[in-house]
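Counting the sequence shown from 1 gives a position; our numbering is that position plus 106. In what follows, a single structure is set out as structure tokens and then discussed.
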Amino acid sequence: MAVPAGVARLLRSQDFRRLASCWAIGLVVDVMTGAAGSNTAPTAGLAADLGHPRVLVFLALGTVLWLGLTAYGRRREQVRARIQLVSTNASRLMAPPRVRYPALVGVLVLAILAPQLVNVLLPATKVFWQQVLVDDVGIFVLLAIGLNVVVGFAGLLDLGYIAFYAIGAYVSAYWTGALPVQPPFHLNPFWTFPMAVAAAIVAGVILGAPTLRLRGDYLAIVTLGFGEIIQIVARNLTSVTGGPQGVGYLKTRTVNGQSTVVARQLTVPHFSIHLLGINFDWTLDNVPYYYLLLVLAVGIIVAFRLLENSRVGRAWTAIREDEVAAEACGINTLKYKIMAFAIGASTSGFAGVLFASKNGFFDPPIFSVQLSILVLVFVIFGGMGSIVGVIVGTAVLQVLPQSLRHQFPQQDLFIYVGALLVVMMIFRPQGLIPSRRRSRELGLAEEGVGGADAMGAPGTAP
Numbered sequence: 107m108a109v110p111a112g113v114a115r116l117l118r119s120q121d122f123r124r125l126a127s128c129w130a131i132g133l134v135v136d137v138m139t140g141a142a143g144s145n146t147a148p149t150a151g152l153a154a155d156l157g158h159p160r161v162l163v164f165l166a167l168g169t170v171l172w173l174g175l176t177a178y179g180r181r182r183e184q185v186r187a188r189i190q191l192v193s194t195n196a197s198r199l200m201a202p203p204r205v206r207y208p209a210l211v212g213v214l215v216l217a218i219l220a221p222q223l224v225n226v227l228l229p230a231t232k233v234f235w236q237q238v239l240v241d242d243v244g245i246f247v248l249l250a251i252g253l254n255v256v257v258g259f260a261g262l263l264d265l266g267y268i269a270f271y272a273i274g275a276y277v278s279a280y281w282t283g284a285l286p287v288q289p290p291f292h293l294n295p296f297w298t299f300p301m302a303v304a305a306a307i308v309a310g311v312i313l314g315a316p317t318l319r320l321r322g323d324y325l326a327i328v329t330l331g332f333g334e335i336i337q338i339v340a341r342n343l344t345s346v347t348g349g350p351q352g353v354g355y356l357k358t359r360t361v362n363g364q365s366t367v368v369a370r371q372l373t374v375p376h377f378s379i380h381l382l383g384i385n386f387d388w389t390l391d392n393v394p395y396y397y398l399l400l401v402l403a404v405g406i407i408v409a410f411r412l413l414e415n416s417r418v419g420r421a422w423t424a425i426r427e428d429e430v431a432a433e434a435c436g437i438n439t440l441k442y443k444i445m446a447f448a449i450g451a452s453t454s455g456f457a458g459v460l461f462a463s464k465n466g467f468f469d470p471p472i473f474s475v476q477l478s479i480l481v482l483v484f485v486i487f488g489g490m491g492s493i494v495g496v497i498v499g500t501a502v503l504q505v506l507p508q509s510l511r512h513q514f515p516q517q518d519l520f521i522y523v524g525a526l527l528v529v530m531m532i533f534r535p536q537g538l539i540p541s542r543r544r545s546r547e548l549g550l551a552e553e554g555v556g557g558a559d560a561m562g563a564p565g566t567a568p
């Protein structure tokens with residue numbers, strides 16, 4: 107049976123395809139939020155969701171989404187012009203020091219008061235949210251700031267970044283005597299900071315020197331392999347790292363159905379200060395760790411901000427925009443790329459020491475490639491090249507799932523977070539708070555002028 111010409115044109119039209127896509131999104135959301143299947147009847151939930159009258163509600167929402175996208179498509183240029191105007195005016199408003207510095211001071215004061223605000227606003231769950239501030243936000247902010255040097259400043263891609271985090275944690279465990287192999291002398295966790303940072307920098311140089319001549323997918327694969335190598339070595343080198351059981355595990359023996367602890371490996375001690383009459387021990391309380399993280403984060407942010415505007419930072423910008431042109435101008439690209447890897451790795455070493463000392467125990471599976479990708483997502487979501495954007499992106503993506511954990515099933519929660527990332531990459535690929543320079547590069551890359559990073563082939567002018 108032949109399809110009428112008018113119907114065929116309708117089916118091939120862009121509006122109909124967009125409408126069908128929006129309906130499909132509505133059906134997917136219907137299935138995601140509806141009844142679940144079972145092991146014996148895996149399709150029962152699907153049939154119940156699509157056969158329920160509520161499917162009409164989701165089709166209607168899909169239609170509303172289609173109308174919104176259609177209206178946006180017709181006024182895209184006007185909307186973009188208005189957004190650009192608002193962003194420009196906001197940047198100009200925040201540019202004068204008399205506005206910018208008080209704003210930064212206000213943000214710092216808010217960060218200092220954050221644990222007390224949690225106590226007042228969320229007294230029933232204050233311990234949980236203080237732990238979120240430290241474990242989920244603070245430590246990952248340090249990781250994201252370090253990776254931003256590699257991805258945002260230098261335009262490189264590192265999928266094995268979490269290996270430096272593992273190196274920092276294991277170095278801290280070694281020098282505090284928590285590993286099977288003992289050091290020549292034991293150190294307070296504070297004194298393991300320079301050891302861990304030095305080890306991470308050396309690892310960054312060792313990784314970068316032979317591999318940073320590569321670009322694009324080749325560089326990503328090599329860094330991914332480096333991360334896997336570190337995790338495999340930590341898992342299999344039992345006599346040094348403790349093996350799969352990691353640091354601080356318990357050995358148990360089961361007798362008549364009851365487990366009894368027969369031995370306990372040494373754990374990484376908490377931070378402590380005993381100097382000039384000052385005696386303070388970091389225990390299991392999250393608040394002291396939060397303020398220690400805040401001090402380190404502020405120092406690292408100031409240092410990286412100065413570095414971004416220095417000669418090294420300008421060299422990274424040139425390499426990111428066009429590596430061939432930068433090399434033609436006399437910039438030693440390999441040298442500066444190795445510096446980016448080493449400096450980014452140093453921050454990861456800081457985070458590794460903090461993580462090891464706070465928790466006291468860890469095992470190799472923690473340092474997986476998924477964690478490297480998660481930190482990379484924080485950088486991209488917040489805005490590559492923007493220190494403020496990276497901090498905000500990390501906080502949003504870490505706090506949001508914890509805030510919604512009671513509203514959605516745990517196994518479905520990250521589906522919604524993934525959908526948020528997809529929408530973000532479609533409508534605002536530059537991130538939440540991108541740097542002005544990166545926004546300009548991305549805009550030129552979309553027009554075919556230059557490239558947005560140094561990972562691919564250099565762009566050419568049309």
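Just so you know, even glycine gets a beta-carbon here, dropped at the ideal spot from N, CA and C.
Item                                                                                                           : Value
Beta-carbon proximity list for P470, same chain, < 7 Å, skipping 5 on both sides                               : Q337, A340, R341, P350 and G352
Segments assigned beta strand (DSSP E), at least 3 residues, entirely inside the stretch 314-364               : 356-361
For I251 and L214, the rounded distance between their alpha carbons                                            : 17 Å
Cβ neighbour criterion (16 or more within 10 Å) applied to D518                                                : exposed
beta-carbon F386 near the ligand HEM non-hydrogen atom, thresh 7 Å                                             : Looking for the ligand HEM in the displayed structure turns up nothing, as the structure carries no ligands at all.
C-alpha gap between T149 and V287, whole angstroms                                                             : 53 Å
Sequence-distant residues of the same chain with beta carbon closer than 7 Å to A220, five excluded per side   : L239
Nearest-angstrom Cβ-Cβ length linking S492 and P535, presumed shorter than 8 Å                                 : Contact flag wrong, Cβ pair sits at about 14 Å.
Inter-residue Cα distance where the pair is V481 and S144                                                      : 34 Å
Collapsed DSSP secondary structure at L381 in the structure displayed                                          : strand
Nearest candidate by alpha-carbon position, reference A532, set I486, D155 and L399                            : First, the residue type needs correcting, since residue 532 is Ile and not Ala in the sequence shown. Selected option, being the one with the closest Cα: I486.
Alpha-carbon spacing of Q120 relative to L167, whole angstroms                                                 : 19 Å
7 Å CB neighbourhood of A446 in its chain, flanking five on each side removed                                  : V255, V256, F259, A260, L262 and W422
4-residue-minimum alpha helix (DSSP H) runs that sit fully inside the stretch 409-497, ordered along the chain : 417-427, 429-434, 439-465 and 475-488
8 Å Cβ cutoff met for F270 and F484                                                                            : no
Residues near T347 by beta carbon distance below 7 Å, same chain, minus five either side                       : Y276, L285 and A340
Rounded separation between V211 and F122 - CA only                                                             : 52 Å
Alpha carbon of A432 to alpha carbon of I407, nearest angstrom                                                 : 26 Å
Distance between P300 and A403 (C-alpha atoms, nearest Å)                                                      : 16 Å
Every unbroken alpha helix (DSSP H) within the stretch 226-251, with a cutoff of 4 residues, ordered by chain  : 232-237
Pick from Y397, S378, L382 and G383 that is closest to T389, judged by C-alpha positions                       : S378
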